[in-house]
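Asker: The sequence shown runs 9 to 180 under the numbering used here. We put the beta carbon where it would ideally sit given N, CA and C, even for glycine. Quick caveat: nothing in here was measured; it's all calculated off a predicted structure. Sharing a structure here in structure tokens format.
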Amino acid sequence: MLNRLLIVVLILMLPGCTHQQNDTPEAATRSFYQQYLQAFANFDPADASHSPLADDSPLLRKFVSSGTRFRIAEIHQIYEQEILEADYFTYCQDYAPEWIEQLKVGKAVMQPGGAVLPVYIGIGETKPLQLMVWLRQEDKSWKIYRVRDVTHNYEQHIFDDAAINAARASSR
Numbered sequence: 009m010l011n012r013l014l015i016v017v018l019i020l021m022l023p024g025c026t027h028q029q030n031d032t033p034e035a036a037t038r039s040f041y042q043q044y045l046q047a048f049a050n051f052d053p054a055d056a057s058h059s060p061l062a063d064d065s066p067l068l069r070k071f072v073s074s075g076t077r078f079r080i081a082e083i084h085q086i087y088e089q090e091i092l093e094a095d096y097f098t099y100c101q102d103y104a105p106e107w108i109e110q111l112k113v114g115k116a117v118m119q120p121g122g123a124v125l126p127v128y129i130g131i132g133e134t135k136p137l138q139l140m141v142w143l144r145q146e147d148k149s150w151k152i153y154r155v156r157d158v159t160h161n162y163e164q165h166i167f168d169d170a171a172i173n174a175a176r177a178s179s180r
């Protein structure tokens, strides 16, 4: 009887003992940027649809909120749009593999509805580029929904409906 009770208790406790790799905002952000920066550095325009950078890639589905992915895909469909002037997650036009080791992810500050944390990405021999990254939980995982370039005090306004409608109108 005691053995059966012990087995039942262990079975009930087992799910609580499992540890997801990306269960903190910091871990999710670090994992995303390590993979994303490598993909960005190795990007091949000839194979863009199969790239981890593609709008609906498994990497983005895992780490980026559905609303953010939807907006970026929507903007990419607008001919000669000027909303995304650089890559949304890096605020860079290109990236080099040797800069990846300079990645630093700061401590998250919890806020209502999510978390915000600083990310520092290497951009060559100069000081790193500081980004501010906002995450929220979606499907029980931390996912990125907003990125801002702190170094240049700039944000690409992917959620600006007026800018998106204006870009659509000018592309016709």
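Check whether the Cβ atoms of Ala171 and Ile80 lie closer than 9 Å to each other.
Answerer: It is not a contact, given that the beta carbons lie outside the stated cut-off.
Asker: Locate the alpha helix (DSSP H) running through Tyr103, then write down its first and last residues.
Answerer: No alpha helix (DSSP H) contains Tyr103, which DSSP labels as neither H nor E.
Asker: Going by DSSP, which residues form a beta bridge with Ala148?
Answerer: This sequence places Lys at residue 148; Ala is not what is there. Note: Lys148 sits in no beta bridge, so no partner.
Asker: What did DSSP end up calling Gly75 once you bin it into helix, strand or coil?
Answerer: The answer is helix: DSSP assigns Gly75 an H, G or I state.
Asker: Measuring only the C-alpha atoms, how far is Ala35 from Gln46?
Answerer: Their backbone Cα atoms lie some 17 Å apart in a straight line.
Asker: Could you spell out where the beta strand (DSSP E) holding Ile129 opens and where it closes?
Answerer: Where Ile129 is concerned, the enclosing beta strand (DSSP E) stretches over Gly122 to Ile129.
Asker: Nearest CA to the CA of Glu109: which residue from Glu82, Ser39, Met140 and Ala94?
Answerer: The candidate whose alpha carbon is nearest that of Glu109 is Ser39.
Asker: Give me the DSSP bridge partner(s) of Asp169.
Answerer: DSSP lists no partner for Asp169.
Asker: Tell me which residues share the same chain as Glu163 and place their Cβ nearer than 6 Å to its Cβ, disregarding the 5 neighbours each side in the sequence.
Answerer: The residues are Arg156.
Asker: For the beta strand (DSSP E) that contains Gln110, what are its first and last residues?
Answerer: Taken as a continuous stretch (DSSP letters only), Gln110 belongs to no beta strand (DSSP E), as it is neither H nor E.
Asker: May I have the straight-line CA-CA distance separating Thr76 from Ile166, to the nearest angstrom?
Answerer: Distance between the alpha carbons of Thr76 and Ile166: 8 Å.
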